[in-house]
Amino acid sequence: MARRARLVGQGVAIGLVALLFALLTWSLLTDEGGTLAAQANRGERPTAPDFTLERLDEEGDLQLSSFEGKAVVVNFWASWCIPCKDEAPFLEELWRDNRDRDLVVLGLDSRDFRADARRFADRFGLTFPLAYDGPGDEASRFGVTGYPETFVIDREGRVVAAFKGGVDGDDVRPRLLEAIDEALET
Amino acid sequence: MIRAAALALVIVALATGSAFAAPPNAADLEAELVCPVCETTLDQSNAPVAERMKTFIRVRIAAGDSEQEIKDALVAQFGSEVLAEPPGGGFGLLAWLLPLAGLVGGAIAIGLLIRRWSRRGPPEGPSEEKLDPELERLVDDELARFDG
Chain U
1 MARRARLVGQ
11 GVAIGLVALL
21 FALLTWSLLT
31 DEGGTLAAQA
41 NRGERPTAPD
51 FTLERLDEEG
61 DLQLSSFEGK
71 AVVVNFWASW
81 CIPCKDEAPF
91 LEELWRDNRD
101 RDLVVLGLDS
111 RDFRADARRF
121 ADRFGLTFPL
131 AYDGPGDEAS
141 RFGVTGYPET
151 FVIDREGRVV
161 AAFKGGVDGD
171 DVRPRLLEAI
181 DEALET
Chain W
187 MIRAAALALV
197 IVALATGSAF
207 AAPPNAADLE
217 AELVCPVCET
227 TLDQSNAPVA
237 ERMKTFIRVR
247 IAAGDSEQEI
257 KDALVAQFGS
267 EVLAEPPGGG
277 FGLLAWLLPL
287 AGLVGGAIAI
297 GLLIRRWSRR
307 GPPEGPSEEK
317 LDPELERLVD
327 DELARFDG
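Residue numbers (my numbering), protein chains in the order written: chain U, 1 to 186; chain W, 187 to 334.
Shown next as structure tokens:
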């Protein structure tokens with residue numbers, strides 16, 4: 001009887017460990033975005049997930065694949081995010097200075113009220129295309145873990161580089177510009 | 187006839203009950219929803235977005251929305267992370283099931299241990315087995331030698 005109880009206990013313990021291991025494996029395998037940023041920064045060029053989202057700046061939808069042939073800077077932001085406020089003027093400047101070079105800046109607002117997002121865009125005079133990713137489904141697919149995060153996508157829809165945090169700092173800005181040049185050269 | 191009337195009464199009671207259900211309580215909702223900035227419940231946050239969410243809740247309550255409708259509207263805009271309690275389906279279900287499984291597993295383990303201990307006999311006393319007579323004689327001789 002004691003032997004049987006011990007066997008049952010061991011079976012339960014092994015089952016629990018197996019369940020935790022399965023959960024860990026599942027989490028790692030489905031963590032596409034995390035690998036997306038990691039792959040991009042390792043020099044691989046993973047394909048960016050396509051999306052179609054409601055526009056914030058005008059009527060209609062915005063689809064990533066409709067920009068194929070151009071380099072795209074996808075910036076995930078939220079109106080309540082303080083570093084997003086800091087980098088907003090820089091992103092606007094980036095868009096104005098490079099739109100003639102076939103560069104598109106896309107702002108995807110997540111986990112936010114639409115009205116707050118529009119107010120944010122007005123406050124910072126944002127003129128680049130903005131879309132609303134309310135519950136953050138696309139942010140999750142890109143593996144965004146905090147705001148802001150920025151992805152540079154080449155003309156063929158592949159991610160060249162990913163940046164966690166603001167991109168307006170003196171240390172990040174040159175790397176972003178280098179990634180944009182690389183994306184445009186494709 | 188009586189049965190049909192009783193059934194009708196029950197249906198009317200249920201219908202009026204749901205129609206006149208108490209409106210959701212803002213304080214309760216604020217304790218069940220999470221601010222995306224500080225990741226504490228709304229009632230413990232004074233971040234601007236938390237204040238906006240509190241205002242949203244009050245406006246929706248005034249508009250006659252149910253608790254679930256308000257939560258659904260916030261989840262549509264802020265994602266399921268806005269819920270303080272994990273959702274009861276999909277991966278979130280594990281957050282409910284794992285602690286329960288742990289409790290059940292622990293109860294089973296304790297039950298098995300108690301059963302095992304209760305089946306054990308009383309502790310063994312000193313052995314009543316007789317010594318070999320020859321050995322006993324030798325021991326007596328040795329003891330007598332010491333006494334002498």
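Each residue gets a CB set at the ideal place from its N, CA and C atoms; glycine is no exception.
How many angstroms separate the CA atom of residue i from the CA atom of residue j?
{"i": "residue 181 of chain U", "j": "residue 231 of chain W", "result": "43 Å"}
{"i": "residue 185 of chain U", "j": "residue 24 of chain U", "result": "39 Å"}
{"i": "residue 248 of chain W", "j": "residue 260 of chain W", "result": "16 Å"}
{"i": "residue 11 of chain U", "j": "residue 305 of chain W", "result": "23 Å"}
{"i": "residue 225 of chain W", "j": "residue 234 of chain W", "result": "13 Å"}
{"i": "residue 83 of chain U", "j": "residue 110 of chain U", "result": "15 Å"}
{"i": "residue 107 of chain U", "j": "residue 250 of chain W", "result": "34 Å"}
{"i": "residue 7 of chain U", "j": "residue 285 of chain W", "result": "22 Å"}
{"i": "residue 213 of chain W", "j": "residue 142 of chain U", "result": "35 Å"}
{"i": "residue 5 of chain U", "j": "residue 296 of chain W", "result": "11 Å"}
{"i": "residue 166 of chain U", "j": "residue 88 of chain U", "result": "9 Å"}
{"i": "residue 267 of chain W", "j": "residue 257 of chain W", "result": "11 Å"}
{"i": "residue 287 of chain W", "j": "residue 146 of chain U", "result": "32 Å"}
{"i": "residue 183 of chain U", "j": "residue 294 of chain W", "result": "60 Å"}
{"i": "residue 13 of chain U", "j": "residue 271 of chain W", "result": "27 Å"}
{"i": "residue 128 of chain U", "j": "residue 69 of chain U", "result": "18 Å"}
{"i": "residue 245 of chain W", "j": "residue 253 of chain W", "result": "12 Å"}
{"i": "residue 327 of chain W", "j": "residue 298 of chain W", "result": "52 Å"}
{"i": "residue 302 of chain W", "j": "residue 291 of chain W", "result": "16 Å"}
{"i": "residue 133 of chain U", "j": "residue 240 of chain W", "result": "21 Å"}
{"i": "residue 61 of chain U", "j": "residue 211 of chain W", "result": "36 Å"}
{"i": "residue 300 of chain W", "j": "residue 228 of chain W", "result": "46 Å"}
{"i": "residue 177 of chain U", "j": "residue 238 of chain W", "result": "36 Å"}
{"i": "residue 163 of chain U", "j": "residue 262 of chain W", "result": "26 Å"}
{"i": "residue 40 of chain U", "j": "residue 90 of chain U", "result": "23 Å"}
{"i": "residue 255 of chain W", "j": "residue 36 of chain U", "result": "35 Å"}
{"i": "residue 179 of chain U", "j": "residue 152 of chain U", "result": "7 Å"}
{"i": "residue 97 of chain U", "j": "residue 223 of chain W", "result": "32 Å"}
{"i": "residue 331 of chain W", "j": "residue 319 of chain W", "result": "18 Å"}
What's the call for residue i, buried or exposed, on a 16-neighbour Cβ count within 10 Å?
{"i": "residue 26 of chain U", "result": "exposed"}
{"i": "residue 243 of chain W", "result": "buried"}
{"i": "residue 154 of chain U", "result": "buried"}
{"i": "residue 281 of chain W", "result": "exposed"}
{"i": "residue 95 of chain U", "result": "buried"}
{"i": "residue 324 of chain W", "result": "exposed"}
{"i": "residue 3 of chain U", "result": "exposed"}
{"i": "residue 216 of chain W", "result": "buried"}
{"i": "residue 161 of chain U", "result": "buried"}
{"i": "residue 75 of chain U", "result": "buried"}
{"i": "residue 48 of chain U", "result": "buried"}
{"i": "residue 333 of chain W", "result": "exposed"}
{"i": "residue 77 of chain U", "result": "buried"}
{"i": "residue 112 of chain U", "result": "buried"}
{"i": "residue 126 of chain U", "result": "buried"}
Less than 8 Å between the C-beta atoms of residue i and residue j, yes or no?
{"i": "residue 21 of chain U", "j": "residue 138 of chain U", "result": "no"}
{"i": "residue 92 of chain U", "j": "residue 120 of chain U", "result": "no"}
{"i": "residue 171 of chain U", "j": "residue 86 of chain U", "result": "no"}
{"i": "residue 117 of chain U", "j": "residue 66 of chain U", "result": "no"}
{"i": "residue 208 of chain W", "j": "residue 221 of chain W", "result": "no"}
{"i": "residue 175 of chain U", "j": "residue 45 of chain U", "result": "no"}
{"i": "residue 64 of chain U", "j": "residue 114 of chain U", "result": "no"}
{"i": "residue 144 of chain U", "j": "residue 105 of chain U", "result": "no"}
{"i": "residue 264 of chain W", "j": "residue 148 of chain U", "result": "no"}
{"i": "residue 102 of chain U", "j": "residue 71 of chain U", "result": "yes"}
{"i": "residue 219 of chain W", "j": "residue 269 of chain W", "result": "yes"}
{"i": "residue 54 of chain U", "j": "residue 131 of chain U", "result": "yes"}
Pull the bridge partners of residue i from the DSSP assignment, please.
{"i": "residue 132 of chain U", "result": "U/54, U/109"}
{"i": "residue 149 of chain U", "result": "U/76, U/164"}
{"i": "residue 104 of chain U", "result": "U/72"}
{"i": "residue 47 of chain U", "result": "U/158"}
{"i": "residue 61 of chain U", "result": "U/54"}
{"i": "residue 227 of chain W", "result": "W/220"}
{"i": "residue 269 of chain W", "result": "W/219"}
Can you name the residues of chain W whose CB is closer than 7 Å to the CB of residue i?
{"i": "residue 111 of chain U", "result": "222, 264, 265"}
{"i": "residue 5 of chain U", "result": "298, 302"}
Starting from residue i, find everything on chain W with Cβ-Cβ shorter than 9 Å and list it in chain order.
{"i": "residue 12 of chain U", "result": "291, 294, 295"}
Given that residue i touches chain W, what residues does it touch there, using C-beta distances under 8 Å?
{"i": "residue 135 of chain U", "result": "261, 262, 263, 264, 265, 266"}
{"i": "residue 9 of chain U", "result": "295, 298"}
{"i": "residue 80 of chain U", "result": "222, 223, 233, 234, 235"}
Quick one: is the Cβ of residue i within less than 7 Å of any heavy atom of the ligand MG?
{"i": "residue 270 of chain W", "result": "The model depicted lacks the ligand MG and carries no ligand whatsoever."}
Just to make sure I have the definition right: I need the residues of chain U whose C-beta is within less than 7 Å of the C-beta of residue i. Which are they?
{"i": "residue 238 of chain W", "result": "113, 116"}
Nearest chain C C-beta to residue i closer than 8 Å, yes or no?
{"i": "residue 303 of chain W", "result": "In the displayed structure, chain C is absent; the protein chains listed are U and W."}
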